[in-house]
Every structure is written in C-alpha cells, then in structure tokens.
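What follows is a set of notes on a single structure, which appears directly below.
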Amino acid sequence: MIRPFKYSKPRFLREALEALEKENARALAGGSDLLVELREGKSQAEHIVDVKAIPELSCFSIGKDGIIIGGQLTLNELAESKELGQTCPILGDAARTVATPQVRNRATLVGNLCTASPAADLAPPLFVLGAAVVVASKEGEQRIPIQQFFQGPKKNCLQPGQLVLRVEIPPRSTGRGVFMKKSRVRGHDLATINVAGWTNPQAGILRICIGACGPTPVLLTSSDELYQRAVCRDELLDGLATLAQDQIAPIDDLRASAAYRRSLVTVFLGRMVRILFPEEGGWPHV
Amino acid sequence: MFDETPQNTLPGAIKLPGAVYTISVEVNGKACTEEAPAQMTLLQFLRERLFLTGAKEGCGVGECGACTVLLNGRAVDACLVLAVEADQASVRTVEGEARDGELTLLQRAFIEHGAVQCGFCTSGMLLSAQSLLESNPHPNREEIVEAISGNLCRCTGYVQILEAIEAVGEGMEEGG
Chain A
1 MIRPFKYSKP
11 RFLREALEAL
21 EKENARALAG
31 GSDLLVELRE
41 GKSQAEHIVD
51 VKAIPELSCF
61 SIGKDGIIIG
71 GQLTLNELAE
81 SKELGQTCPI
91 LGDAARTVAT
101 PQVRNRATLV
111 GNLCTASPAA
121 DLAPPLFVLG
131 AAVVVASKEG
141 EQRIPIQQFF
151 QGPKKNCLQP
161 GQLVLRVEIP
171 PRSTGRGVFM
181 KKSRVRGHDL
191 ATINVAGWTN
201 PQAGILRICI
211 GACGPTPVLL
221 TSSDELYQRA
231 VCRDELLDGL
241 ATLAQDQIAP
251 IDDLRASAAY
261 RRSLVTVFLG
271 RMVRILFPEE
281 GGWPHV
Chain B
1 MFDETPQNTL
11 PGAIKLPGAV
21 YTISVEVNGK
31 ACTEEAPAQM
41 TLLQFLRERL
51 FLTGAKEGCG
61 VGECGACTVL
71 LNGRAVDACL
81 VLAVEADQAS
91 VRTVEGEARD
101 GELTLLQRAF
111 IEHGAVQCGF
121 CTSGMLLSAQ
131 SLLESNPHPN
141 REEIVEAISG
151 NLCRCTGYVQ
161 ILEAIEAVGE
171 GMEEGG
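Protein chains in written order, with the working numbering: chain A, 1 to 286; chain B, 1 to 176.
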C-alpha cells in the first residue's frame, strides 16, 4: 500500500518549479519507475507533481537544429515516429527494447534518464549522439551535457527546484549508429549490458557507449583516435576491445557476473563494428 | 452494472487515508465521477470504487500485465497509473468488450482455441490483443508476440493464445 501524498498537476512551469523546491516533492511523468518506488516504500515523497500538463515539456521536433525531445514524450511515441526512424533510428531501436508495450505507452525518455540507472537503455544512444539535457529552475534554463547529468547509480545531477524540460541532440549531417542490448528475458528484465555506437567516417568520428558496466554509462574515450589510426577493421576491433576493457568497471549482480559482462562487451563490440563498417576489404574511413 | 451498485458496500472495499480528489473518467463509454485519495492506483479505483474486477492485480509493479486496460486507447498497466492521472481520460476494461451479451470475435476465438485456462491473465491479454487488432487488423505472428509480450500467462504456454489472435487477424472467425 502506498502512503498518502499530495497530488497536483500544474499547467504552468513556474508553478511546478515552485512545488519542486520543497523537500520530498517529486516530478511524475510516466510513473513506471516512481510508482514502483512509492509502492516499495523507497520514495518518501509527500507531494507528487504531475508534469504532463506543462506545455514546455510537450515539444518534439526533428530539423536543421537537431532533435528536440520534450519531457512528456513516451518511449512508444518515439518508437512509432517515422521521421525519427529515418533521421536517427538508434533512439527508436533503444526505446523498443525497454520493458513491455504497456510500460512504453507511459514511460518517457526523460524519465528513463532521470532514474539514472546505469542500465538505462536510452542513455547509450544519447551519449554517442552528444545530447544535452535542458533543465529549468526559477533562475532560468541550463544545458547540461548528458555525461554530467549521470552522477552515479540512480543519481542524477538535479537539485530541488529543478525540472528537466527536454533533451537536445545536435544536428548530424551524415553518420550512422547502432544499438544493441543483451537481457536475460526479453521484455521482462533490465539490460545485462547495452551498447550504442555512432560513426561519421568522413569526419573520422567513432563513439561507443556501454551501459550497465559501471556506475554510469561509459562513453569510451580516445575511440576517435583509435579509429583514425587503425589501418583495418580487425585492428580497430582489437583496439576497441582493449580500450573498453580498460574503461568499464562492471560488477557482479543478479543479472550477470562482472566477468560475463566483460566478455559480452567484447562480443558486442565485434558485432557492432561489423555493422557500422560492413565493407570487408576497403577500409572506409577518411 | 457498476453505476447501479451502492458505493462502498462491497465487503473488503479498501479505505485509504489522505486527502480525496474528485476523478471524472469515462469507463467503457459511461461517464462516472468518484472520489479517491492521490495514492490510489487506477487498478484499485476500477476494482474498489467502480467494482470492475476484470483487471487483476498480479505483480503490482508493471511486469505481468494482468491489470492491462486501455487508457485513451493505449494499453497500460493500471497498477502503474494513479487514479488521479486518469481524470478526464477514457478507460476501457474487459467488462466493456462484450456488447448486449454478445462476445467479441476475439473473446470467442479465445474460447474456441482453448486460450483460457485459469483466466487470471485473460482480461489483460484480451485488451492487449484487442488494442493490436484495432491498430493493425492483420498482424503477423511476430507482431502478435510483441503486442502480448507484457502479459504473462503461466498456464497455456501461449500457443493457443497466439492462435486465437491470429485467427481473428486472418478473419477466420468472421460470421462464425
């Protein structure tokens, strides 16, 4: 049984920000994480602020300025967007793998980030795309790079009185990405690991992010240099595997051992590189 | 019908503490207004206030789908929605599927294919499948599996359920 709390559904951002300044006030979007926390007594929230009527959180646009996804957008709305599927398929690919259809009809992309699980499925794609989280408070708006938004397991950087309005993805002229996830039971478990990769061969860019292998998703550093130096695909693959094993810090938990996660990472990097760079003979970059 | 039942007379109807909120919601095409505290879930609201007990509580945390209802046309776990969030919304539960004592094609197909054993998952299973068939009248096996992936059944092994939904999609039940 859930303990009593106050509920409000403000129609103005200012009202919501004021309410969220109080201790034990929590924002409610899809509720798929928050209601479980409340039920299990993990959240002591005394005031639930429903953000689904605030106009500033309803934006969704794909254009020259990049992709903008408001705080009310559900995972199924993203997965079903044809335009997003054409422009940036890895977001929909990741959204489709989260939980069940019923959960995806409620759960939001921003909520997935705010829970800040190391296994958040939408995090690796947003890390490789260089996304920023736009946060509002009474003082104004602030753009926070997604890497800084994640502070630790289930810890985001939000302070009381702050609310995420939207996520912004900078424009990409060319490039391609891939998202992959391993879970024990499809639709009924969090990721054992999840991985996203994105490359723009003309610009010599390769970004890889690995989830559920550290306190926060791990965006590999120096992958660009490795990519630019590598003379063939196998060399890139070997280099990436070494890089990843140095930078991840997986733990043993109920889903997998750290050792199993480490070997999964190498397998998934191999699959990912073969998808990102399908050409066997001609090495594509630069 | 629920609107003819005197309020709070059902033995065991839950009483929750806290401030109450007035909730106006259209359930199975009928407008109804009830009071409920903020922490009451939509599932509790349907079962304990409106006495619509078709939606079941299995896990209570959005894993099993036994509480699946359609909220503004979309399948959701009623255990993960607050009743206050459903204010001004429309909800469909399994009780609203049959009309004038006439089962839907899908309900008949479930019976004909032996897709119902203990029945605990059936209400939710029907609504997930119905929601699929309304947006995609001829789904393939993969789409059906995806649509019911949030509904656990521990009896049938799913085969009969898949066959029942497939049969409706293929129009085999039409006129039957």
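For glycine and all other residues, C-beta sits at the position ideal for the given N, C-alpha and C.
Please say whether residue j and residue i have beta carbons closer to each other than 7 Å?
{"i": "valine 302(A)", "j": "isoleucine 69(A)", "result": "Residue 302(A) is absent from the model: chain A starts at 1 and stops at 286."}
{"i": "alanine 164(B)", "j": "phenylalanine 120(B)", "result": "no"}
{"i": "arginine 207(A)", "j": "valine 128(A)", "result": "yes"}
{"i": "leucine 264(A)", "j": "glutamine 247(A)", "result": "no"}
{"i": "glycine 90(A)", "j": "isoleucine 169(A)", "result": "One point to set straight first is that residue 90(A) is isoleucine, not glycine, in the sequence displayed. The answer is no: Cβ separation not under 7 Å."}
{"i": "leucine 73(A)", "j": "phenylalanine 60(A)", "result": "yes"}
{"i": "cysteine 179(B)", "j": "alanine 55(B)", "result": "Residue 179(B) lies beyond the range of chain B shown here (1 to 176); nothing can be said about it."}
{"i": "alanine 36(B)", "j": "isoleucine 23(B)", "result": "yes"}
{"i": "valine 98(A)", "j": "arginine 104(A)", "result": "yes"}
{"i": "valine 210(B)", "j": "leucine 106(B)", "result": "Outside the displayed span of chain B (1 to 176) sits residue 210(B), for which this structure offers no information."}
{"i": "alanine 38(B)", "j": "phenylalanine 5(A)", "result": "yes"}
{"i": "threonine 242(A)", "j": "phenylalanine 150(A)", "result": "no"}
{"i": "alanine 53(A)", "j": "arginine 26(A)", "result": "no"}
{"i": "alanine 107(A)", "j": "glycine 211(A)", "result": "no"}
{"i": "isoleucine 144(B)", "j": "leucine 162(B)", "result": "yes"}
{"i": "leucine 240(A)", "j": "leucine 269(A)", "result": "yes"}
{"i": "alanine 94(A)", "j": "proline 125(A)", "result": "yes"}
{"i": "leucine 57(A)", "j": "valine 49(A)", "result": "no"}
{"i": "leucine 80(B)", "j": "glycine 58(B)", "result": "no"}
{"i": "glycine 150(B)", "j": "proline 101(A)", "result": "yes"}
{"i": "leucine 28(A)", "j": "isoleucine 2(A)", "result": "no"}
Of all the options the options, which has the alpha carbon lying nearest to the alpha carbon of residue i?
{"i": "serine 135(B)", "options": "Ala147(B), Leu43(B) and Ala98(B)", "result": "Ala147(B)"}
{"i": "glutamate 225(A)", "options": "Pro10(A), Thr199(A) and Ile275(A)", "result": "Thr199(A)"}
{"i": "glutamate 26(B)", "options": "Pro37(B), Arg92(B) and Ser123(B)", "result": "Arg92(B)"}
{"i": "alanine 116(A)", "options": "Ile146(A), Lys138(A) and Pro10(A)", "result": "Ile146(A)"}
{"i": "leucine 152(B)", "options": "Cys118(B), Asp100(B), His113(B) and Asp87(B)", "result": "Cys118(B)"}
{"i": "glutamine 162(A)", "options": "Pro153(A), Glu139(A), Val178(A) and Phe150(A)", "result": "Glu139(A)"}
{"i": "arginine 261(A)", "options": "Pro250(A), Glu235(A) and Arg271(A)", "result": "Pro250(A)"}
{"i": "glycine 157(B)", "options": "Gly171(B), Phe51(B), Ala115(B) and Ala167(B)", "result": "Ala115(B)"}
{"i": "proline 201(A)", "options": "Pro278(A), Leu254(A) and Val49(A)", "result": "Pro278(A)"}
{"i": "glutamate 166(B)", "options": "Thr122(B), Asp87(B) and Glu142(B)", "result": "Glu142(B)"}
{"i": "glycine 204(A)", "options": "Gln228(A), Pro10(A) and Leu190(A)", "result": "Gln228(A)"}
{"i": "arginine 271(A)", "options": "Ala244(A), Leu237(A), Gln245(A) and Ala259(A)", "result": "Leu237(A)"}
{"i": "serine 137(A)", "options": "Met1(A), Glu77(A), Cys232(A) and Arg14(A)", "result": "Arg14(A)"}
{"i": "glycine 124(B)", "options": "Thr53(B), Met40(B) and Gly29(B)", "result": "Thr53(B)"}
{"i": "glutamine 245(A)", "options": "Cys213(A), Gly85(A) and Ala16(A)", "result": "Cys213(A)"}
{"i": "arginine 99(B)", "options": "Pro17(B), Gly29(B), Tyr21(B) and Lys15(B)", "result": "Gly29(B)"}
{"i": "glycine 92(A)", "options": "Phe12(A), Glu141(A), Met180(A) and Gly63(A)", "result": "Met180(A)"}
{"i": "cysteine 232(A)", "options": "Lys42(A), Glu77(A) and Trp283(A)", "result": "Trp283(A)"}
{"i": "alanine 131(A)", "options": "Gln86(A), Cys209(A) and Gly85(A)", "result": "Cys209(A)"}
{"i": "lysine 64(A)", "options": "Ser43(A), Glu77(A) and Thr87(A)", "result": "Thr87(A)"}
{"i": "glutamate 95(B)", "options": "Met40(B), Leu50(B) and Glu170(B)", "result": "Leu50(B)"}
Which partner residues of residue i appear in the DSSP bridge assignment?
{"i": "threonine 34(B)", "result": "Checking the sequence, you will find glutamate at residue 34(B) rather than threonine. Glutamate 34(B) is bridged to Ile23(B)."}
{"i": "lysine 6(A)", "result": "His47(A)"}
{"i": "arginine 176(A)", "result": "Thr199(A)"}
{"i": "aspartate 77(B)", "result": "Thr68(B)"}
{"i": "valine 133(A)", "result": "Ile144(A) and Val167(A)"}
{"i": "leucine 82(B)", "result": "Thr41(B)"}
{"i": "phenylalanine 150(A)", "result": "Asn156(A)"}
{"i": "glycine 102(B)", "result": "Reading the sequence as shown, one finds glutamate at residue 102(B) and not glycine. Note: glutamate 102(B) sits in a beta bridge opposite Arg99(B)."}
{"i": "isoleucine 62(A)", "result": "Ile67(A)"}
{"i": "asparagine 136(B)", "result": "Answer is none; asparagine 136(B) lacks a bridge partner."}
{"i": "lysine 181(A)", "result": "Asn194(A)"}
{"i": "glycine 204(A)", "result": "Partner(s): none; glycine 204(A) has no beta bridge."}
{"i": "threonine 122(B)", "result": "In DSSP, threonine 122(B) forms no bridge with anything."}
{"i": "leucine 28(A)", "result": "Asp50(A)"}
{"i": "arginine 217(B)", "result": "With chain B covering only 1 through 176, there is no way to say anything about residue 217(B)."}
{"i": "isoleucine 210(A)", "result": "Val195(A) and Val218(A)"}
{"i": "threonine 74(A)", "result": "Thr108(A)"}
Does the distance between the C-beta of residue i and the nearest non-hydrogen atom of the ligand NAP fall short of 6 Å?
{"i": "phenylalanine 277(A)", "result": "Although the ligand NAP was asked about, the structure shown includes no ligands whatsoever."}
Q | Proximal residues, the region 125-152 of chain B versus chain A, C-beta separation under 9 Å | A | Taking 9 Å as the Cβ-Cβ cut-off against chain A, the residues of the region 125-152 of chain B that qualify are Ser128, Ser131, Leu132, Glu146, Ala147, Ile148, Ser149, Gly150, Asn151 and Leu152.
Q) Is it true that the region 188-202 of chain A meets the region 107-127 of chain A, where meeting means three or more beta-carbon pairs spaced less than 8 Å apart? A) The way I'd put it, the region 188-202 of chain A does touch the region 107-127 of chain A; three or more beta-carbon pairs between them come closer than 8 Å.
**Q.** Cβ pair count under 8 Å reaching 3, the region 66-75 of chain B against the region 14-31 of chain A
**A.** By the Cβ test, the region 66-75 of chain B is not in contact with the region 14-31 of chain A, since fewer than three Cβ pairs between them sit closer than 8 Å.
**Q.** Residues within the region 100-113 of chain A neighbouring chain B, beta-carbon criterion of under 8 Å
**A.** Hits within the stretch, in order: Thr100, Pro101, Gln102, Val103, Asn105 and Arg106.
Q) Got a sec: which bits of the region 63-80 of chain B sit with their beta carbon under 7 Å from any beta carbon on chain A, in order along the chain? A) Listed by position, the residues of the region 63-80 of chain B near chain A (Cβ gap below 7 Å) are Glu63, Gly65, Thr68, Arg74, Ala75, Val76, Asp77 and Leu80.
Q. Pairing CB atoms from the region 44-51 of chain B with CB atoms from the region 76-86 of chain A, are three or more of them under 8 Å?
A. Verdict: no, contact absent.
Q.
Would the region 170-179 of chain A count as touching the region 33-45 of chain A if we require 3 or more Cβ pairs under 8 Å?
A. Because the criterion of three Cβ pairs below 8 Å is not met, the region 170-179 of chain A and the region 33-45 of chain A do not touch.
Q) Is it a yes or a no for the region 74-81 of chain B touching the region 123-138 of chain B, going by three-plus beta-carbon pairs under 8 Å? A) Short answer: they touch.
Q: Closer than 9 Å, Cβ to Cβ, to anything on chain A: give me those residues from the region 35-63 of chain B, in chain order.
A: Taking a C-beta cut-off of 9 Å against chain A, the contacting residues of the region 35-63 of chain B are Pro37, Ala38, Gln39, Met40, Thr41, Gly60, Val61, Gly62 and Glu63, listed in chain order.
Q: Could you run through the region 5-19 of chain A and flag, in chain order, every residue whose CB is less than 7 Å away from some CB of chain B?
A: Cβ contacts with chain B: Phe5, Lys6 and Tyr7.
Q | Residues within the region 80-100 of chain B neighbouring chain A, beta-carbon criterion of under 9 Å | A | Those residues of the region 80-100 of chain B that come within reach of chain A (Cβ to Cβ, closer than 9 Å) are Leu80, Val81, Leu82, Val84, Glu85 and Asp87.
**Q.** Contact list for the region 12-32 of chain B against chain A, Cβ threshold 9 Å
**A.** Per Cβ criterion, the list reads Ile14, Leu16, Pro17, Gly18, Ala19 and Tyr21.
Q: Check each residue of the region 161-186 of chain A: if its Cβ is closer than 9 Å to any Cβ of chain B, include it; give the result in chain order.
A: Per Cβ criterion, the list reads Arg186.
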